[in-house]
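Okay, so here's the structure we're looking at.
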Amino acid sequence: MVLSIGGLCVLIQNSIAKRDDSAVSESIGFIIMFSIVITGIAMVTFYGYPLLIKTQVGSDEKSMEQTMITIQNDMKILTFSNVPYRDLSVMVSGGTLETINSSESVQYFDIGYTLSDGSPQSKTFYPGELRYSSSEGEAVMSIENGAFVRRQKFTEGSVMAANPRWFMDDDTGTLVINLISVESTVKQYLSGIGDLQMSMLSPPETTINDCDQTADVTIKYVPDPDDDYSAAWDNFFSGDSVKSGGLTPLGTPGEFTLQNVNKIVIKEYKIKIENM
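Residue numbers (my numbering): 2 to 277.
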């Protein structure tokens with residue numbers, strides 16, 4: 002077959018046009034695939050990564066709840082089992098555990114009562130605390146006066162996850178209050194895996210008094226405004242933990258009364274954080 006010069010030119014032009022169309026198609030395909038990849042990366046960055054962080058923070062906080070309960074249980078062993086030392090390995094996840102010495106404590110408890118001879122008595126107690134603060138989340142957890150309490154940063158409200166040992170014996174009219182302070186000669190911090198060493202080398206200071214049964218016993222919790230666990234302690238005092246039916250709230254925030262107390266027993270334990 003013989004092609005004329007004009008026919009050959011047309012054939013060449015058609016071939017060039019097809020190559021141009023193919024190149025355009027490949028370019029469009031590349032742009033579409035590139036756009037899909039970038040969109041996927043953007044979706045993972047803006048949606049997947051925050052969700053991953055949130056999941057990790059939630060896991061860290063659950064782990065710390067168990068750690069704080071373990072520490073609280075070890076404090077109970079120190080105070081109620083006559084064991085002078087406790088040494089435990091702890092994992093502080095996603096934040097920092099720190100000591101707040103009782104001398105630095107802003108929050109405090111006031112206990113007022115009347116002796117059988119009519120003379121008024123009062124006790125002011127600064128507990129100190131072991132405090133965990135999440136670095137990525139908003140959780141704050143503390144062991145304060147024998148209780149495990151928690152709250153959220155920048156949010157009102159708090160809960161008590163584990164109660165202290167306070168109780169009223171209705172049969173004898175005896176009120177038993179266990180006060181536990183945290184002592185640390187220096188500010189200490191722990192993040193990650195470490196050892197927490199605690200001691201209680203001296204017996205508790207114990208006060209036992211007969212009370213005027215006609216006079217009320219008053220208990221008041223005054224919080225640290227920057228570390229407020231009022232709701233947690235209010236629920237503890239008004240619930241059935243101390244006595245069935247709870248204590249009677251007064252008009253003053255955080256203040257409660259208890260009636261028909263014949264005898265009051267106050268034990269003050271001092272737990273020293275040796276090292277962490």
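For glycine and all other residues, C-beta sits at the position ideal for the given N, C-alpha and C.
- For W167, the pairing in a beta bridge is given by DSSP as I178.
- Residue pairing by DSSP puts V141 in a beta bridge opposite S134, R152.
- For the pair N263 and K244, the Cα-to-Cα distance works out to about 15 Å.
- G195 is bridged by DSSP to V91.
- By the Cβ rule, the region 150 to 170 does not count as touching the region 250 to 258, because fewer than three pairs are nearer than 8 Å.
- Rounded to whole angstroms, the separation of the alpha carbons of I42 and I144 is 43 Å.
- Non-local C-beta neighbours of Q73 in its own chain, meaning closer than 6 Å and more than five positions away in sequence, comprise I144, F149, A163, ordered along the chain.
- Around E184, the same chain offers N102, S103, G129, K271, I272, K273, I274 as residues with beta carbons nearer than 8 Å, after the five sequence neighbours per side are excluded.
- Annotated three-state conformation of K188 is coil, per DSSP.
- Under the three-state reduction of DSSP output, M161 falls in the strand class.
- Shown here, T253 sits in coil according to DSSP, grouped into three states, outside any helix or strand.
- Residue pairing of Y114 in beta bridges, as defined by DSSP: Q122.
- Taking a 10 Å sphere around the C-beta of T207, we find fewer than 16 other C-beta atoms and assign the residue as exposed.
- Nearest to V91 by C-alpha distance, out of I70, T80, P85, A233, is I70.
- Secondary-structure assignment with DSSP links N210 through a beta bridge to I265.
- Straight across, the Cα-Cα distance linking V187 with M277 is about 11 Å.
- Excluding five sequence positions before and after D241, the CB atoms of its chain that fall closer than 8 Å to its own CB belong to G247, given in chain order.
- With distances taken between CA atoms, I267 lies nearest to G113 out of G113, E139, D217, E62.
- In the three-state DSSP reduction, V38 falls in the helix class (H, G or I).
- Spanning the alpha carbons of D235 and F155 requires a straight line of approximately 20 Å.
- Between the C-alpha atoms of S203 and L89 there is a straight-line separation of about 21 Å.
- DSSP lists Q198 as the bridge partner or partners of N276.
- Residue burial is scored here from C-beta neighbours: T115 has at least 16 other C-beta atoms within 10 angstroms and is therefore classed as buried.
- Per the coordinates, the alpha-carbon of S120 lies some 20 Å from the alpha-carbon of I178.
- The DSSP-derived three-state label of K221 is strand.
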